[in-house]
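Asks: In case it helps, the working numbering puts the sequence shown at residues 41 to 531. Don't be surprised by glycine CBs; every beta carbon is placed ideally from N, CA and C.
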Amino acid sequence: MMKADEEALDKVTAVFKTERGKSWDEWIVLEMRVRYRLDLPYSGQVEIGAPTRNFDFSCLLGRSCALVTMRGKDREQAFKGVVFGFKHVGEFERGSVARLDFAPALWALRHGRDTRAFENRTAPQIIEEVLKEALAPLGRKVRLNLTHELRSREYRTQQDESDWDFVARLMQEEGITFYFDQGKEDTDKETIVLVDSNHAFPEIVTMGSVQELAAAVVPLPVPAKKKARFSAKVVDGATGEPIPGVKLELQLVDGSKCDLVSGSDGTVEVPDVVPGHHTLSGAIGGLTMKNALELVSVGDSPGSASGGGASSISGKTTRAPPTGAASATPYRVVGIERYKVKRGDTLAKIAAKNDLDRAMLAYFNWGVYSPSEVEEKLRDEVGCTQKDPNGRYVLTDEDEPGIIFIPKPWRAGALGVGREHVVRVRPIAARFALYVDEKRNPVRGRQYRIFEAGREVHAGFTDSDGWMTAPFVWSERYELHFDEEPTTEGS
C-alpha cells in the first residue's frame, strides 16, 4: 500500500501529430495503444478527436505522424511513423472521432514483390542498399551500427519476396536486429538502426537509479526449471517404417544447437532440455541426392497421411534408406523443388535464384564438379541435345526429362517436449511414367521393376495418382518391367 506521504506517479499525457507540408497538426488523444514485437516494427492505434463535425479523416492517410507520451516534465517517449489506415468512429456535438492505425515507414516494405540477385556483397551491404532505395522516397534514413565483420557472399537472391521479407531473412541469418531512433526534434522522422550486439542499443532512462530500484525490490526465490525429454522419430512417409541413420539439427529454446542421428528405431532423443519451443532443421551444404531424403512433413501422429505428392512411393520395396544405414554416412533431410528447365536457363542462373552456386547444384544432382562430367550429366540425366557455339550443352524447353532437383533448407519450429514428433521423409523420386486403365483413369498399386544392363536397380508400386517414380531421373538406358504385363486394363 502507498503511504500517505508518498506521491503517486505523474499522470501520463499524450499528443498525436500529423505532418501537413512544413507544419504539424495536433490532435486530441482519446485512447492509444502501441504494440512491440521482437524483430518486427512496432505498430500503434490511436483514437483522436477533430474539433469539427463530419471531418474527412481520409486526408491523413500516408502522412507522417508522431505519438508522443509524457509522464511528468522529463520523461517523454515518441513513436513516429506513417498513418496506414483509419476508421470513422462517430460524430459528437463538438466534433468527430476516428481510430487511426500507424507504424514506422519500414512497415510499407511488406507490400509488393521483387526478384533480383546481388553478387559479392555482405548481408549488411545488401540490407542497406534495399532499405535506402525503398525508404528514401518516404524521407526515412538507415544507419548501421555493427560490430562484427561478415564475409562477402558470392550470390544472394531476392526471389519473389517483399523487400521486408527479404531483409528480415538476411538479418535473421546473420544475427542482426534493429531499433528505431526517433530523433531529438519533433520534426525528425524515425531512423532504422541495424545492430548486432546488445551493447549497441541505446540506454533507457529508468524511473530512478539502479540502487534505488534494487532497494525497493524484494528478491523472490527463482524456481528451478523442470527439464524434460525431446524426442522425434524419422519414418518413411508412405509406409510409416522407421528410418535409421538420418541426421537432423536441433536448436533448443536457449539458442544452443546439437546434431542428432536417428537410431535403429528411427528415433532421436535429447534427455534433459528446458521446456519450450525447439526447432528441427536441415541444411544443404555438401549434400548429394544419394545421401538425401525429401521432407514430407513434421507432425505428431505417425498414422497420418504423408501429405500426397506424386513422388511419394507406396510399396515397401522402396523404403529408404535400408536398415544398417546408421553405420554409413548419415542421410540428411532437405526440401526439394523439381525444376523443369526452359530455354535461356543455365545451371548458374538456376543456382543463383535459389541462393546456391553452380558447383553446389551440380554436386547435389549428380555428385560431380568438373565441367566435363557436368556436361555428360546434362546430356544423360537432363536430356540436353543442343549445344552453343563453344560446344557446350544448353538447356531448352524440349529437353526430356529436363528436370533439375533444387535442394531447399527447412525449419520446423514450435516443437515442444513430452511427446514424440514425427519427421516423415521419402526418397527423392522423379516421376517417369503414368499407368492408366482403358478409360485413362490412374491405376494404383501396380508393381513395377526397373532394370539397367540386366540388373534390377529399383522396384515399386504406382502411387494413388497412378505415377511410377524412381530415386533417379529416367533415361533410355533403363528398362521397365511389370510382374503382370499390361493388357487392355492398363498402359
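Check whether the region 451-469 touches the region 314-329, counting contact only when three or more Cβ pairs, one atom from each stretch, lie closer than 8 angstroms.
Replies: The region 451-469, when compared against the region 314-329, does touch it at the 8 angstroms Cβ threshold.
Asks: Please classify residue 76 as buried or exposed, where buried requires at least 16 other C-beta atoms within 10 Å of its C-beta.
Replies: As a working note, residue 76 is residue 36 in the sequence shown. Flag for residue 76 reads exposed.
Asks: Please name the residue in 91, 461, 223 whose C-alpha comes closest to that of residue 338.
Replies: On the sequence shown, position 298 is the one that residue 338 refers to. When only C-alpha atoms are compared, the closest one is 461.
Asks: How about residue 192 and residue 161: are their beta carbons less than 7 angstroms apart?
Replies: To locate residue 192, count along the sequence shown from 1; it is residue 152. To locate residue 161, count along the sequence shown from 1; it is residue 121. Result yes, Cβ atoms of residue 192 and residue 161 sit closer than 7 angstroms.
Asks: What are the start and end residues of the alpha helix (DSSP H) that includes residue 390?
Replies: Counted from its first residue, the sequence shown places residue 390 at position 350. From DSSP, the alpha helix (DSSP H) with residue 390 extends over 387-392.
Asks: Does the distance from the C-beta atom of residue 292 to that of residue 275 stay below 7 angstroms?
Replies: For the purposes of this step, residue 292 is taken as residue 252 along the sequence shown, with counting starting at 1. For the purposes of this step, residue 275 is taken as residue 235 along the sequence shown, with counting starting at 1. It is not a contact, given that the beta carbons lie outside the stated cut-off.
Asks: Look at the alpha carbon of residue 56 and the alpha carbon of residue 235, and state the distance between them as a whole number of angstroms.
Replies: Locating residue 56 in the sequence shown gives position 16, counting from the first residue. Locating residue 235 in the sequence shown gives position 195, counting from the first residue. Cα to Cα, residue 56 sits roughly 29 angstroms from residue 235.
Asks: Which word fits residue 348, buried or exposed, when buried means at least 16 other C-beta atoms lie within 10 angstroms of its C-beta?
Replies: On the sequence shown, position 308 is the one that residue 348 refers to. With a pLDDT of 34 at residue 348, under the threshold of 50, the modelled position of that residue is not reliable, and the figure given next carries that caveat. Answer is exposed; the Cβ neighbour count stays below 16.
Asks: Can you check whether the CB of residue 272 is closer than 7 angstroms to the CB of residue 308?
Replies: Residue mapping note: residue 308 aligns to position 268 of the sequence shown, counting from 1. Residue mapping note: residue 272 aligns to position 232 of the sequence shown, counting from 1. Yes, Cβ-Cβ distance for residue 308 and residue 272 is below 7 angstroms.
Asks: Taking DSSP's pairing of strands, which residues face residue 467 in a bridge?
Replies: Numbered from its first residue, the sequence shown carries residue 467 at position 427. According to DSSP, residue 467 bridges with 333.
Asks: How big is the Cα-Cα spacing for residue 207 and residue 170?
Replies: Here residue 207 refers to the residue found at position 167 of the sequence shown. Here residue 170 refers to the residue found at position 130 of the sequence shown. Taking the straight line from one Cα to the other gives about 8 angstroms.
Asks: Do residue 143 and residue 81 come within 7 angstroms of each other at the CB atom, strictly closer than that value?
Replies: The residue labelled residue 81 in the question sits at position 41 within the sequence shown. The residue labelled residue 143 in the question sits at position 103 within the sequence shown. Yes, they are a contact pair.
Asks: By the DSSP assignment, the alpha helix (DSSP H) with residue 212 in it spans what residues?
Replies: Numbered from 1 along the sequence shown, position 172 holds the residue referred to as residue 212. Per DSSP, residue 212 belongs to the alpha helix (DSSP H) from 203-214.
Asks: Could you give the DSSP three-state label for residue 147: helix, strand or coil?
Replies: Position 107 of the sequence shown, counting from 1, holds the residue named residue 147. Three-state DSSP puts residue 147 in a helix.
Asks: Hey, how far is the Cα of residue 141 from the Cα of residue 50?
Replies: Translated into the one-based positions of the sequence shown, residue 141 becomes position 101. Translated into the one-based positions of the sequence shown, residue 50 becomes position 10. Going by the C-alpha atoms only, they are around 27 angstroms apart.
Asks: Measure from the alpha carbon of residue 226 to the alpha carbon of each residue in 104, 190, 431, then state which is nearest.
Replies: Mapped onto the sequence shown, residue 226 falls at position 186. Minimum Cα distance to residue 226 is reached at 104.
Asks: Let me know the secondary structure DSSP gives residue 185 once reduced to three states.
Replies: On the sequence shown, residue 185 is found 145 positions in, with the first residue counted as 1. Residue 185: strand per DSSP, three-state reduction.
Asks: Quick one: is residue 493 buried, meaning 16 or more other Cβ sit within 10 Å of its Cβ, or exposed?
Replies: Your numbering for residue 493 matches position 453 in the sequence shown. Looking at its Cβ environment, which holds fewer than 16 other Cβ atoms inside 10 Å, residue 493 is exposed.
Asks: Provide the residue(s) that pair with residue 241 in DSSP beta bridges, ordered along the chain.
Replies: Walking along the sequence shown from the start, residue 241 turns up at place 201. According to DSSP, residue 241 bridges with nothing at all.
Asks: Are three or more beta carbon pairs between the region 468-477 and the region 401-410 nearer than 8 angstroms?
Replies: In short, these stretches do not touch, since the Cβ pair count stays below three.
Asks: Distance, Cα to Cα, residue 289 vs residue 397?
Replies: Counting from one through the sequence shown, the residue named residue 289 turns up at place 249. Counting from one through the sequence shown, the residue named residue 397 turns up at place 357. Computed Cα separation, rounded: 23 angstroms.
Asks: In whole angstroms, what separates the C-alpha of residue 446 from that of residue 138?
Replies: By one-based count along the sequence shown, residue 446 stands at place 406. By one-based count along the sequence shown, residue 138 stands at place 98. Roughly 51 angstroms between the two C-alpha positions.
Asks: For residue 287, does the three-state DSSP call read helix, strand or coil?
Replies: Here the question's residue 287 lines up with position 247 in the sequence shown. Of the three classes helix, strand and coil, the one that applies to residue 287 here is strand, per DSSP.
Asks: So if DSSP puts residue 482 in a beta bridge, which residue, or which two residues, is it bridged to?
Replies: Sequence index remark: in the sequence shown, residue 482 carries index 442 (1-based). According to DSSP, residue 482 bridges with 476.
Asks: Would residue 390 and residue 444 be called neighbours here (beta carbons separated by less than 7 angstroms)?
Replies: Start at 1 with the first residue of the sequence shown, and residue 390 comes out as number 350. Start at 1 with the first residue of the sequence shown, and residue 444 comes out as number 404. In this structure, residue 444 lies closer than 7 angstroms to residue 390 by Cβ.
Asks: Measure the alpha-carbon distance for residue 88 versus residue 229 and round it to whole angstroms.
Replies: Numbered from its first residue, the sequence shown carries residue 88 at position 48. Numbered from its first residue, the sequence shown carries residue 229 at position 189. Rounded to the nearest angstrom, the two C-alpha atoms are 21 angstroms apart.
Asks: Can at least three beta-carbon pairs, one atom from the region 324-338 and one from the region 367-385, be found at a separation below 8 angstroms?
Replies: Yes, they touch.
Asks: Determine whether the beta carbon atoms of residue 158 and residue 209 lie at a separation below 7 angstroms.
Replies: Looking up residue 158 in the sequence shown gives position 118. Looking up residue 209 in the sequence shown gives position 169. In this structure, residue 209 does not lie closer than 7 angstroms to residue 158 by Cβ.
Asks: Taking DSSP as the reference, what is the three-state secondary structure of residue 76?
Replies: Numbered from its first residue, the sequence shown carries residue 76 at position 36. In this structure, residue 76 counts as strand in the three-state DSSP scheme.
Asks: State the start and end residues of the unbroken alpha helix (DSSP H) segment that holds residue 403.
Replies: Here residue 403 is taken as the residue at index 363 of the sequence shown, counted from 1. Run containing residue 403: 398-406, per the alpha helix (DSSP H) assignment.
Asks: Out of 154, 218, 173, 186, state which residue places its alpha-carbon closest to the alpha-carbon of residue 20.
Replies: The question about residue 20 has no answer here: the residues shown for the chain are numbered 41 through 531.
Asks: With a Cβ-Cβ cutoff of 7 angstroms, do residue 310 and residue 270 count as a contact?
Replies: Taking the first residue of the sequence shown as position 1, residue 310 is located at position 270. Taking the first residue of the sequence shown as position 1, residue 270 is located at position 230. Result yes, Cβ atoms of residue 310 and residue 270 sit closer than 7 angstroms.
Asks: Using CA atoms only, rank isn't needed, just tell me which of 74, 156, 136, 99 is closest to residue 9.
Replies: Residue 9 lies beyond the stretch modelled for the chain, which goes from 41 to 531, so this question has no answer here.
Asks: Express the C-alpha separation of residue 214 and residue 205 in angstroms, rounding to a whole number.
Replies: Here the question's residue 205 lines up with position 165 in the sequence shown. Here the question's residue 214 lines up with position 174 in the sequence shown. Whole-angstrom Cα-Cα distance: 14 angstroms.
Asks: Going by Cα to Cα distance, which pick from 238, 383, 145 is closest to residue 8?
Replies: Nothing about residue 8 can be read from this structure; the chain reaches only from 41 to 531.
Asks: Would residue 84 and residue 107 be called neighbours here (beta carbons separated by less than 7 angstroms)?
Replies: Numbered from 1 along the sequence shown, position 44 holds the residue referred to as residue 84. Numbered from 1 along the sequence shown, position 67 holds the residue referred to as residue 107. A contact, by the Cβ cut-off of 7 angstroms.
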